[in-house]
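Going line by line, the protein sequences match chains A and H.
Sequential numbering of the first sequence, starting at 11, is according to our numbering.
Sequential numbering of the second sequence, starting at 11, is according to our numbering.
Note sheet for the following structure.
2 protein chains.
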Amino acid sequence: MKSKNIHDLLPADLGAEAVDDIVRASAVRIERIVSKGHTSPDSGWYDQDEHEWVMVLQGAGSLSFADGSTVHLLPGDHIHIPAHCKHRVSWTDPDQLTIWLAVFYREFR
Amino acid sequence: MKSKNIHDLLPADLGAEAVDDIVRASAVRIERIVSKGHTSPDSGWYDQDEHEWVMVLQGAGSLSFADGSTVHLLPGDHIHIPAHCKHRVSWTDPDQLTIWLAVFYREFR
Numbered sequence: 011m012k013s014k015n016i017h018d019l020l021p022a023d024l025g026a027e028a029v030d031d032i033v034r035a036s037a038v039r040i041e042r043i044v045s046k047g048h049t050s051p052d053s054g055w056y057d058q059d060e061h062e063w064v065m066v067l068q069g070a071g072s073l074s075f076a077d078g079s080t081v082h083l084l085p086g087d088h089i090h091i092p093a094h095c096k097h098r099v100s101w102t103d104p105d106q107l108t109i110w111l112a113v114f115y116r117e118f119r
Numbered sequence: 011m012k013s014k015n016i017h018d019l020l021p022a023d024l025g026a027e028a029v030d031d032i033v034r035a036s037a038v039r040i041e042r043i044v045s046k047g048h049t050s051p052d053s054g055w056y057d058q059d060e061h062e063w064v065m066v067l068q069g070a071g072s073l074s075f076a077d078g079s080t081v082h083l084l085p086g087d088h089i090h091i092p093a094h095c096k097h098r099v100s101w102t103d104p105d106q107l108t109i110w111l112a113v114f115y116r117e118f119r
């Protein structure tokens, strides 16, 4: 058994947000997302079929929601975003890497 | 929408390992586990029906496996433990809180 570190292979060039799968399975997907000043495209909201739980591990970012609210997240801050709760990344720190841990999952009955 | 922080409500008294659900759904369970010198009971191995992905967020801990290997985990270190891969927590730092983030999940087809 061998471990990895969440800081492994951080992208040197961040022309776009860098998304890496940590776990990809039928019911769950765990991603590391690395941003530096990136925001969601202006064109619209994320409107996902999956529930998402996301935590900032390093850096800082803001999520905005279709109800007009904005949540600012610092390291250790986490939030649950139900499926189809429209949201966007409205800000990430331009001066440092922001590392997000995101767990996307579906319900099965 | 409101965020929480992974350091919220850290237990003052750690007579036993403290386990808190962050997300509990049909296919996935996200837990915060706080240890301070705790190890798995000597009586045996964890032998789980679920896959587990676990990361140390703070502190230090060691996982031992039935194949004789031991993996020492520091902050940011993470490891995937397949279902029925027998393991135990063989050490956690006795001098500071160790915070683990664990994602347990099942496969659906």
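Here a beta-carbon is modelled for each residue, glycine too, at the ideal position from N, C-alpha and C.
For R116/H, no beta strand (DSSP E) segment is defined, and its DSSP state is neither H nor E. Legend: CB atoms of the region 31–64 of chain A lying less than 8 angstroms from CB atoms of chain H belong to residues I32, V33, A35, S36, A37, V38, I40, H61, W63. Membership of E41/H in the beta strand (DSSP E) is indicated by the continuous run 38–45. For G71/A, the number of other beta carbons within 10 angstroms of its own is at least 16, and it is reported as buried. Approximately 6 angstroms separates the beta-carbon atoms of I16/H and H88/A; this is inside 8 angstroms, confirming the contact. For a Cβ distance threshold of 9 angstroms, residue set S13, K14, N15, I16 of chain A lies close to D87/H, ordered along the chain. When the alpha-carbon of D18/A is set against those of P51/A, D103/A, I109/A, E117/A, the nearest one is in I109/A. Taking E41/A as reference, the option from M11/H, W63/H, L67/H with the minimal CA-CA separation is W63/H. Taken atom to atom, the span from the alpha-carbon of D103/A to that of K46/A is near 6 angstroms.
As computed with DSSP, M65/A is found in a beta bridge with H88/A, L111/A. For the set G69/H, R98/H, L111/H, the Cα lying nearest the Cα of T80/H is the one of R98/H.
Any Cβ of chain A closer than 8 angstroms to the Cβ of S79/H would place that residue at the interface, and such an atom is present.
Spanning the alpha carbons of L67/H and F114/A requires a straight line of approximately 20 angstroms. Of the candidates A76/H, R116/H, M65/H, K96/H, the residue whose Cα lies closest to the Cα of K14/A is M65/H.
The Cβ of H90/A sits closer than 8 angstroms to at least one Cβ of chain H. With respect to A37/H, E117/A sits close: the two C-beta atoms are nearer than 8 angstroms.
Residue environment for S74/H: buried (at least 16 other C-beta atoms within 10 angstroms of its C-beta). According to DSSP, D31/A shares a beta bridge with E41/A.
Against R116/H, the close residues of chain A are A37, in the order they occur along the chain (beta-carbon pairs closer than 7 angstroms).
Contact of L83/H with chain A is assigned, a C-beta pair being separated by under 8 angstroms.
DSSP lists H88/H as the bridge partner or partners of K14/A. In this structure, L107/A sits near L20/A, with a CB-CB distance shorter than 8 angstroms.
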